[in-house]
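So that you can map any letter, position 230 of the sequence shown is 230 in the working numbering, and since no number is skipped, the others follow by simple counting. Glycine included, each C-beta is placed from N, C-alpha and C at the ideal position.
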Amino acid sequence: MAKTVKTQERNQIGFFGATSYVIGNIIGSGIFITPTSILKETNSVGLSMAVWAVSGAISLIGSLCYIELGTSIRHSGGDFAYICYVKWYPIAFAFMWVSILLTYPATIAVQAETFGEYILTGIDPLLCVDQAYRNIVQKLLGFSLLYEKIFNIEQAHNHQNDRQLLPKGTSPDVVTRSHFPKSVMVWAGITATGKTPLVFVDRKVKINAAIYQQLILRNALDPWAKKHFGNRPWTLQQDWAPAHLAKTSIFLCKSLFPDVWDRDVWPPNSPDPNPLDYSVWSIL
């Protein structure tokens, strides 16, 4: 049995979507990071305001340049597209690689450090973290994130959101998909210092508490964790899958591993704030 799905001809966002995206980039996380540093370094409210005024003027000049580029060179890709427009392909290539490998990761690292510091400062009245451990807590180097995911060979169809806008009288594109596409269950775990091997579950096997405990926890995670972490402490994070929530699974985790997040601090469902969702699964 098969079903037909209409596909979108072009990906577009409207006026309000574009406006929200631009404003979201303008009012970024930097506004919560830089004021304290500027005031600390200048040691003067007036001089701090002067630095902000000069920086604002420079930003305004830069925004005017980007307005001219965006309205003159109507190609998607931002800076990369503008550099390619003048045929400086080696420079464009180098620019993108520097951005991917250095600029963007460095920005995220600063934001993560600041976020961790703000969180610790916020919980200080309730839970005081010793200064010697603050950096360790911020970085969460021993944090382990585990997850399973089912992968379908064919993209799932969303009856509510899949739409296509076409000129009158134009026939839509039609894609035929199987009603029951083939799939595979994959388990993986990652930490800041390494990753577990992938575990592929037989398609005839349904992950229940017993299978999860034997196939994943005992056969895969426990041997890997002992070899990888040794005597170092680490924390296990999972989601709310029924096999994870079983009392026997939780008891086994607490008996095998040094620390396990309880249910009340687990992300409730998928997609959750888990790098596996946003990185590993997207690549697979």
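- Beta-bridge analysis with DSSP links residue 195 to 190.
- Residue pairing by DSSP places residue 60 opposite no residue, since no beta bridge is assigned to it.
- The continuous alpha helix (DSSP H) containing residue 114 extends over residues 104–123.
- In this structure, DSSP gives residue 126 a state outside helix and strand, which the three-state scheme calls coil.
- Sequence-distant partners of residue 60 (beyond 5 residues in either direction) whose C-beta falls short of 6 Å from its own C-beta are missing from its chain.
- With respect to the 7 Å criterion, residue 84 and residue 94 are not classified as neighbours on the basis of their beta carbons.
- Minimum Cα-Cα distance from residue 35 among the listed residues 25, 22 and 49 corresponds to 49.
- The bridge partners DSSP lists for residue 260 are 236.
- Per DSSP, residue 212 lies in no alpha helix (DSSP H) and is assigned neither H nor E.
- The beta carbon of residue 127 lies closer than 7 Å to none in the same chain, with the five residues before and after it left out.
- When secondary structure is reduced to three states using DSSP, residue 206 falls in the coil class, being assigned neither helix nor strand.
- Here the stretch 232–244 makes contact with the stretch 204–215; the two share three or more CB pairs at distances below 8 Å.
- Rounded to whole angstroms, residue 64 and residue 108 show a C-alpha spacing of 26 Å.
- Residue 53 counts as exposed, since fewer than 16 other C-beta atoms from the protein chains shown sit within 10 angstroms of its C-beta.
- Taking C-beta separations shorter than 7 Å and ignoring five residues to either side along the sequence, the partners of residue 216 in its chain run 187 and 199, following chain order.
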